[in-house]
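**Q** Residue numbering for the sequence shown follows the UniProt record's numbering, beginning at 1 and increasing consecutively.
Note that CB positions come from ideal geometry on N, CA and C, so glycine has one too.
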Amino acid sequence: MLSAYAAVPAPTRSYWYCQAVGWALYATFNVVGFSILSRFSVDIFLISLVIALTLLGLTHALRYHIRALGWAQLAPLALLGRLLVANLLLSVLSQVIIWALIYWVVRPAPTGQPYGWGQFIGYALNVNLLLWLWEGFYFGWHYLSRSRQAEVDKWRLTAAVREAEMRTLKAQINPHFMFNGLNNIRALVMEDPARARAMITHLSDLLRYSIQLNSTEQVPLARELEIVEHYLQLEAIQLEERLSYSLDVDPAALPVLIPPMTVQLLIENAIKHGLAPRPEGGTIQLTAQLNDSNTLHLRVRNTGCFAPTPGHEGVGLRNARERLVLLFGPAAHLHLANDPHCPNTVVAHLQLPVQSGVDKTPVMLSEGGARAEASLPRR
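1. By a C-beta neighbour count over all protein chains shown, 10 Å radius and 16 as the cutoff for buried, is methionine 261 buried or exposed?
2. Does DSSP classify aspartate 192 as helix, strand or coil?
3. Taking the straight line between their C-alpha atoms, what separation do you get for arginine 208 and cysteine 18?
4. Please report the straight-line C-alpha distance between isoleucine 258 and leucine 243, rounded to a whole angstrom.
5. Can you tell me whether DSSP reads valine 354 as helix, strand or coil?
6. Tell me the DSSP secondary structure of leucine 74 in three-state form.
7. Give me, in chain order, the residues of the same chain whose beta-carbon lies closer than 8 angstroms to that of arginine 379; leave out the 5 immediate sequence neighbours on both sides.
8. Closer than 7 angstroms, CB to CB, is tyrosine 209 near chain D or not?
9. Measuring only the C-alpha atoms, how far is histidine 297 from proline 255?
10. Using the DSSP secondary-structure output, state which residues sit across from alanine 348 in a beta bridge.
11. Report yes or no: do three or more beta-carbon pairs, one from the stretch 19-26 and one from the stretch 67-86, lie closer than 8 angstroms?
12. Where does aspartate 205 fall in DSSP's three states?
13. Do alanine 160 and arginine 323 count as a contact pair if the criterion is CB distance below 7 angstroms?
14. What ranges does the beta strand (DSSP E) occupy inside the stretch 242-327, keeping only unbroken runs of at least 3 residues that lie completely in it?
15. With distances taken from CA atoms, which of Asp192, Ser94, Gly281 is nearest leucine 125?
16. So for valine 42, helix, strand or coil by DSSP?
17. Roughly how far, in whole angstroms, is the beta-carbon of serine 14 from the beta-carbon of alanine 27, given that I think they are within contact range, below 8 angstroms?
18. Rounding to the nearest angstrom, what Cα-Cα distance links valine 228 and isoleucine 284 in this structure?
19. Can you say whether alanine 61 is buried or exposed, counting buried as having 16 or more other CB atoms within 10 angstroms of its CB?
20. Would you report the Cα separation of proline 330 and isoleucine 185, rounded to the nearest angstrom?
21. Would you kindly work out how many angstroms separate the C-alpha atoms of aspartate 339 and leucine 77, rounded to a whole number?
22. Judging by CA-CA distance, which residue of Gly282, Leu101, Ser293, Thr216 is the nearest neighbour of alanine 252?
23. Below 6 angstroms CB to CB, which residues in the same chain sit around histidine 65 once its five sequence neighbours on both sides are set aside?
24. DSSP three-state call for proline 330: helix, strand or coil?
25. Pairing CB atoms from the stretch 339-351 with CB atoms from the stretch 262-277, are three or more of them under 8 angstroms?
26. Just to check my reading of the structure: asparagine 344 and threonine 303 have Cβ atoms closer than 8 angstroms, yes? What is that Cβ distance to the nearest angstrom?
27. Which stretch, first to last residue, makes up the alpha helix (DSSP H) that contains glutamine 238?
28. Enumerate, from N- to C-terminal direction, the unbroken alpha helix (DSSP H) stretches of 4 or more residues contained entirely within the stretch 78-111.
29. Run through DSSP, which three-state label would tyrosine 5 get?
30. If we ignore side chains and look at the alpha-carbon of each, how far apart do valine 219 and cysteine 305 end up?
Rendered as structure tokens:
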């Protein structure tokens with residue numbers, strides 16, 4: 001419990017500004033009101049100041065309680081019940097504190113009017129009303145800020161998706177890629193017409209998938225792996241025996257939703273920075289498991305050495321991380337590092353929480369895609 005209170009963030013400057021201005025206006029209203037009913041005196045000013053400072057302190061303590069226990073995330077009825085109890089307790093406590101300070105610190109001149117239970121209840125009801133007003137402003141501001149933040153996150157996600165789409169389209173449809181792909185397919189037409197037709201199918205499916213990104217933010221892992229297979233088949237024409245790969249995927253992980261082209265990006269990086277620069281090429285191993293805590297762990301291992309330049313992370317990886325944070329929050333991770341247990345091996349680790357409502361029924365991939373029931377080495 002204490003750790004929850006310790007984790008409450010410090011109030012913002014705007015919060016303190018609203019608190020100070022609000023209770024200063026309330027104290028001024030009390031001074032003016034009491035002065036109209038009687039005659040202004042130092043006692044009236046001090047009593048009004050004591051009331052305002054007491055209520056400022058109690059509402060600030062209430063704010064810590066609200067933030068520590070997460071009341072802002074409660075359903076309306078659950079929140080209403082808690083506020084009823086809190087306001088009742090704070091109304092009574094406020095009167096005890098206020099009158100203790102008045103009689104022991106301020107010590108006003110006697111007025112001849114005894115203070116009894118009637119006055120206690122009346123002032124407590126006034127404080128109760130003030131607390132409801134304060135909570136109305138507090139939660140109203142909180143919900144408005146949360147709504148604005150959700151809108152900002154939505155537009156940030158949209159912008160990140162669009163930027164990733166542009167990066168993907170440039171990577172897939174740029175003249176260099178198209179030239180190499182079509183040129184290699186042309187060479188196959190006379191040598192192996194059946195394989196040439198298959199390569200044309202791979203290329204068309206890959207381009208079609210890239211274009212379809214405009215209409216979706218997440219796709220099943222099964223569909224992503226099909227596209228990875230198409231991409232690897234096309235790269236295999238260029239790299240030939242320098243490229244070997246295997247896919248080992250837990251069937252339960254296939255329906256899990258992921259941002260499109262995320263796995264393809266990891267494979268592309270593995271080939272571009274790991275295998276392609278090496279005359280002897282190398283190996284790519286893709287594994288995906290769904291653990292007991294409903295978390296997807298996807299790893300891409302490739303031959304090579306990870307030596308990033310500080311402050312110069314690739315645009316694709318940066319965009320991928322931003323999209324993961326916007327879609328899944330802090331539970332999502334994308335990490336690249338050298339494998340400490342295997343020399344000359346780089347590991348890209350993608351960790352995603354499985355969102356509620358995802359159908360976990362195993363999905364079989366289409367013909368030519370990666371099979372889920374076994375680890376199948378290719379080429």
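**A** Short version:
1. buried
2. coil
3. 54 angstroms
4. 26 angstroms
5. coil
6. coil
7. Residue confidence is low: arginine 379 scores 48 on pLDDT, short of 50, so the model does not pin down where it sits. No coordinate-derived value is stated.
8. The chain labelled as chain D is not found in the depicted structure, where only one protein chain is given.
9. 14 angstroms
10. Val300, Leu336
11. no
12. helix
13. yes
14. 243-249, 282-290, 295-303
15. Ser94
16. helix
17. Actually they do not touch by this definition, with Cβ atoms about 20 angstroms apart.
18. 12 angstroms
19. exposed
20. 43 angstroms
21. 52 angstroms
22. Ser293
23. none
24. helix
25. yes
26. 6 angstroms
27. 221-239
28. none
29. helix
30. 30 angstroms
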